[in-house]
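S.K.:
There are 2 protein chains.
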Amino acid sequence: MDKDKIDKKDHILDVAEKVFSELGFDGASTRMISGEAGVNMAMLNYYFGSKEGLFLAIFERKISSFRALLQNIGNDESMSAWDKLDKCIDNYIERIIVNNCFHKLINRELSLNKRWSLSDKITEILMVNVLELKKIIDEGIATGVFNGDIDVPLVISTIFGTKNFIINMPQLSSLILAHDIRDEKFMEEELKPRVKTYMKRLLKAYLVNENDNSK
Amino acid sequence: MDKDKIDKKDHILDVAEKVFSELGFDGASTRMISGEAGVNMAMLNYYFGSKEGLFLAIFERKISSFRALLQNIGNDESMSAWDKLDKCIDNYIERIIVNNCFHKLINRELSLNKRWSLSDKITEILMVNVLELKKIIDEGIATGVFNGDIDVPLVISTIFGTKNFIINMPQLSSLILAHDIRDEKFMEEELKPRVKTYMKRLLKAYLVNENDNSK
DNA sequence: ATACACTAATCAATCGTTTGATTAATTTTG
DNA sequence: CAAAATTAATCAAACGATTGATTAGTGTAT
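Quick mapping for you: the protein sequence lines, in order, are chains A and B. Counting from 1, one number per residue, gives the positions in the first sequence under the working numbering. Counting from 1001, one number per residue, gives the positions in the second sequence under the working numbering.
#1: If you run the structure through DSSP and keep just helix, strand and coil, what is Ala-57 of chain A?
#2: Tell me where the alpha helix (DSSP H) around Ser-1173 of chain B begins and ends.
#3: Can a CB atom of chain B be found closer than 8 angstroms to the CB of Ala-81 of chain A?
#4: Quick check: what's the CA-CA separation for Leu-44 of chain A versus Met-1127 of chain B?
#5: If I measure Cβ to Cβ from Lys-204 of chain A and keep anything under 6 angstroms in the same chain, skipping five residues before and after, which residues do I get?
#6: Does chain A have any CB closer than 8 angstroms to the CB of Asn-1107 of chain B?
#7: Are Lys-1057 of chain B and Ile-1033 of chain B close, meaning C-beta to C-beta below 8 angstroms?
#8: Tell me the residue span of the alpha helix (DSSP H) that contains Leu-118 of chain A.
#9: Is Thr-1162 of chain B close to chain A, meaning its C-beta is less than 8 angstroms from at least one C-beta of that chain?
#10: Residues of chain A with CB under 7 angstroms from Phe-1165 of chain B, in chain order?
#11: Using the beta-carbon of each residue, which ones in chain B are nearer than 8 angstroms to Ser-65 of chain A?
#12: Please go through the same chain and pick out, in chain order, the residues whose beta-carbon is closer than 7 angstroms to the beta-carbon of Pro-170 of chain A, but skip the five residues on each side of it.
#13: If you follow the alpha helix (DSSP H) that Asp-83 of chain A is in, where does it begin and where does it stop?
#14: What do you reckon, are the CB atoms on Leu-1112 of chain B and Ile-1122 of chain B nearer than 8 angstroms?
#15: Listing by chain order, which chain B residues have their CB less than 8 angstroms from the CB of Leu-56 of chain A?
#16: Counting beta carbon pairs with one atom in the stretch 1145-1161 of chain B and one in the stretch 150-164 of chain A, are three or more of them shorter than 8 angstroms?
#17: Kindly give me the distance between the Cβ atoms of Lys-1114 of chain B and Asn-1168 of chain B, rounded to whole angstroms, as I take these residues to be in contact under 8 angstroms.
#18: Which value, in whole angstroms, describes the spacing of the CA atoms of Asp-10 of chain A and Gly-35 of chain A?
#19: Looking only at C-alpha atoms, which of A:Ser-21, A:Asp-90, A:Ala-37 and A:Cys-101 sits nearest to Asp-7 of chain A?
#20: Name, please, each residue of chain A whose Cβ falls closer than 9 angstroms to the Cβ of Leu-1110 of chain B.
#21: Can you tell me whether Ile-1106 of chain B is helix, strand or coil according to DSSP?
#22: Suppose the cutoff is 7 angstroms on Cβ atoms and the five residues either side in sequence are ignored; what does the same chain contact list for Met-1041 of chain B look like?
#23: Please name the residue, chosen from B:Glu-1022, B:Phe-1146 and B:Ser-1117, that lies closest to Gly-1053 of chain B on a Cα-to-Cα basis.
#24: Should Pro-1193 of chain B be labelled buried (16 or more other beta-carbon atoms within 10 Å of its own) or exposed?
#25: With DSSP collapsed to three states, give me the class of Asp-7 of chain A.
#26: Are the C-beta of Thr-1123 of chain B and some C-beta of chain A separated by less than 8 angstroms?
#27: So, do the stretch 1139-1148 of chain B and the stretch 1077-1097 of chain B have three or more beta carbon pairs nearer to each other than 8 angstroms?
#28: For a cutoff of 8 angstroms on Cβ pairs, would you count Lys-1196 of chain B as touching chain A?
#29: Where Phe-102 of chain A and Gly-1148 of chain B are concerned, what is the direct C-alpha to C-alpha distance, given to the nearest angstrom?
#30: Does any C-beta atom of chain B lie closer than 8 angstroms to the C-beta of Ser-119 of chain A?
#31: Kindly list, in the order they appear in chain B, the residues whose Cβ is closer than 9 angstroms to that of Tyr-92 of chain A.
#32: Cβ closer than 8 angstroms: which chain A residues qualify as neighbours of Lys-1104 of chain B?
#33: Taking Cβ positions only, does Lys-84 of chain A come closer than 8 angstroms to chain B?
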């Protein structure tokens, strides 16, 4: 049936996403993926054409589900720039942590920057987030809620960079945080709200700082 | 001669560092590296034993030159915590940007987290930086220069994360910054000082913020 | 001449992919 | 509705190519 077929493809994609995120594109073999998924090797090519096709399919799937989510969050007229940013951060942290193995994949692929068409596609998607953030901050500056002489591009780099660091370098961030961040419970109940409040306080301090740029 | 041999080994390491940082460990082949370095394939095994040995040798070389550099910066008694942090950031940004292709390598290796012994070694090295930062911040809190209710581990994550983001995802950060960050001139003359001042302002705002934690 | 530096040729292993055959499911036909 | 024809799904086996590594041998300098 159609449903079974979709389920099977989805199952393969689930497994492949995990294996790719653990071993990287070149490090993962089609034999390993098919083996772990419990399907015949030839099925990968049958369904996805090639190893790269399988890789791309992982992104297609996630990206299409992203697109729906992240549009039109910043278009609410009734909110202040700060409230929007607040909400934006909550949404973002939430989404990242749920899909953290996929985000590892994204980061590695972007850092590697082979497969240009894929990199471009990922960049394009991520830029939607970036631009949304930028719009909110710019609006905050325009309405005087935020300081005028802040470095918007670098603020954005900080927001994305901080979460990337935590998600992508788990051993290091685990040491720094003195907890294993791969512990589901700690991640969900403690780290998530903690990162949210931290990000907001950090941004508030920088964005609405009364002081001028002394030095 | 001995000197020639060392030079040749160093040359191979230079090339290998570049190729590995571009293609990843699995993506780079020994043939490609030896070809690009202009040496016979067997030389890699002759000098370094194996592909992994070559990989490790890259880290040994860089790490040993790191160790010398990064010790005893925070032990100056005459400086305030803030001045130390200031100097620390300057040093750090400077070092990262010069070795940016090596840092790509580090990040990918840490994110991939195969080859545990190497990951542990890298983590250990990076932790020296982390602990130095932590010490300075803790001291600042103790002396009342910094706010008491700040999230030290996450501040550290922000410092490392922000630079990682810029270095590791060049396409994305280039778009955000509206400049190609692979442009040497822009990097050196504009981005470097800009990141330094940004980091200091950001940290100052958060660390010495007079406000309490309202929400 | 003995130790070292270096090379071309070759190794088994593994890679991603393709094949041809077989079974399961669906559609078409009588 | 049942038989036949067609398509989709699955498989084991094998493909050529490439991988990292090794060998056996050639120079070369001390």
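Ideal Cβ placement from N, Cα and C applies to all residues, glycine included.
M.R.: For this structure:
#1: Residue numbering aside, residue 57 of chain A sits at position 57 when the first sequence is read from its first letter. Of the three classes helix, strand and coil, the one that applies to Ala-57 of chain A here is helix, per DSSP.
#2: Locating residue 1173 of chain B in the second sequence gives position 173, where the first residue counts as 1. Looking at the DSSP string, the run of the alpha helix (DSSP H) that includes Ser-1173 of chain B is 1170-1177.
#3: Working through the first sequence from its first residue, we reach residue 81 of chain A at position 81. No, Ala-81 of chain A lies away from the interface with chain B (no Cβ there is under 8 angstroms from its Cβ).
#4: Stepping through the first sequence from its first residue, residue 44 of chain A is reached at position 44. Stepping through the second sequence from its first residue, residue 1127 of chain B is reached at position 127. Approximately 42 angstroms, taken between the alpha carbons.
#5: Locating residue 204 of chain A in the first sequence gives position 204, where the first residue counts as 1. Cβ neighbours of Lys-204 of chain A beyond the five flanking positions: none.
#6: Taking the second sequence and counting its residues from 1, one reaches residue 1107 of chain B at position 107. So yes, Asn-1107 of chain B belongs to the interface.
#7: Residue 1057 of chain B sits at position 57 when you count from the first residue of the second sequence. Residue 1033 of chain B sits at position 33 when you count from the first residue of the second sequence. The sequence as given places Ala at residue 1057 of chain B; Lys does not occur at that position. In this structure, Ile-1033 of chain B does not lie closer than 8 angstroms to Ala-1057 of chain B by Cβ.
#8: Taking the first sequence and counting its residues from 1, one reaches residue 118 of chain A at position 118. Its alpha helix (DSSP H) spans residues 116-142.
#9: For the purposes of this step, residue 1162 of chain B is taken as residue 162 along the second sequence, with counting starting at 1. Answer yes: the Cβ-Cβ gap between Thr-1162 of chain B and chain A drops below 8 angstroms somewhere.
#10: In the second sequence, counting from the first residue as 1, residue 1165 of chain B sits at position 165. Simply Ser-157, Phe-160, Gly-161 and Asn-164.
#11: Against the first sequence, residue 65 of chain A aligns to sequence position 65. Here the premise fails: no neighbours, minimum Cβ distance about 21 angstroms.
#12: Residue mapping note: residue 170 of chain A aligns to position 170 of the first sequence, counting from 1. Ile-181 and Arg-182, listed in sequence order.
#13: For the purposes of this step, residue 83 of chain A is taken as residue 83 along the first sequence, with counting starting at 1. Per DSSP, Asp-83 of chain A belongs to the alpha helix (DSSP H) from 81-98.
#14: Position 112 of the second sequence, counted from the first residue, corresponds to residue 1112 of chain B. Position 122 of the second sequence, counted from the first residue, corresponds to residue 1122 of chain B. Not a contact, by the Cβ cut-off of 8 angstroms.
#15: On the first sequence, residue 56 of chain A is found 56 positions in, with the first residue counted as 1. Simply none; closest approach about 17 angstroms.
#16: yes
#17: Counted from its first residue, the second sequence places residue 1114 of chain B at position 114. Counted from its first residue, the second sequence places residue 1168 of chain B at position 168. Actually they do not touch by this definition, with Cβ atoms about 18 angstroms apart.
#18: Along the first sequence, one-based indexing puts residue 10 of chain A at 10. Along the first sequence, one-based indexing puts residue 35 of chain A at 35. One C-alpha to the other measures close to 15 angstroms.
#19: As a position in the first sequence, residue 7 of chain A is number 7, starting the count at 1. Considering only alpha carbons, the answer is A:Ala-37.
#20: In the second sequence, counting from the first residue as 1, residue 1110 of chain B sits at position 110. Residues of chain A passing the Cβ test: Asn-168, Met-169, Pro-170, Gln-171 and Leu-172.
#21: As a position in the second sequence, residue 1106 of chain B is number 106, starting the count at 1. Here Ile-1106 of chain B sits in helix by DSSP.
#22: Locating residue 1041 of chain B in the second sequence gives position 41, counting from the first residue. Answer for Met-1041 of chain B: Thr-1030, Arg-1031 and Ser-1034, listed in chain order.
#23: Walking along the second sequence from the start, residue 1053 of chain B turns up at place 53. When each option's Cα is compared against that of Gly-1053 of chain B, the closest is B:Ser-1117.
#24: By 1-based counting over the second sequence, the position of residue 1193 of chain B is 193. So Pro-1193 of chain B ends up on the exposed side.
#25: Taking the first sequence and counting its residues from 1, one reaches residue 7 of chain A at position 7. Residue state, collapsed to three classes: helix.
#26: Position 123 of the second sequence, counted from the start, is the residue given in the question as residue 1123 of chain B. Output row for Thr-1123 of chain B: interface = yes.
#27: yes
#28: Taking the first residue of the second sequence as 1, we reach residue 1196 of chain B at position 196. By this cut-off, Lys-1196 of chain B is not an interface position.
#29: Working through the first sequence from its first residue, we reach residue 102 of chain A at position 102. Working through the second sequence from its first residue, we reach residue 1148 of chain B at position 148. Going from the Cα of Phe-102 of chain A to the Cα of Gly-1148 of chain B covers about 36 angstroms.
#30: Counted from its first residue, the first sequence places residue 119 of chain A at position 119. Yes, contact with chain B.
#31: Within the first sequence, numbered from 1, the residue matching residue 92 of chain A stands at position 92. None at all; the shortest Cβ gap to chain B is about 14 angstroms.
#32: Counted from its first residue, the second sequence places residue 1104 of chain B at position 104. Correct list: Ser-111.
#33: Along the first sequence, read from residue 1 onward, the residue named residue 84 of chain A stands at position 84. No, its Cβ sits nowhere closer than 8 angstroms to a Cβ of chain B.
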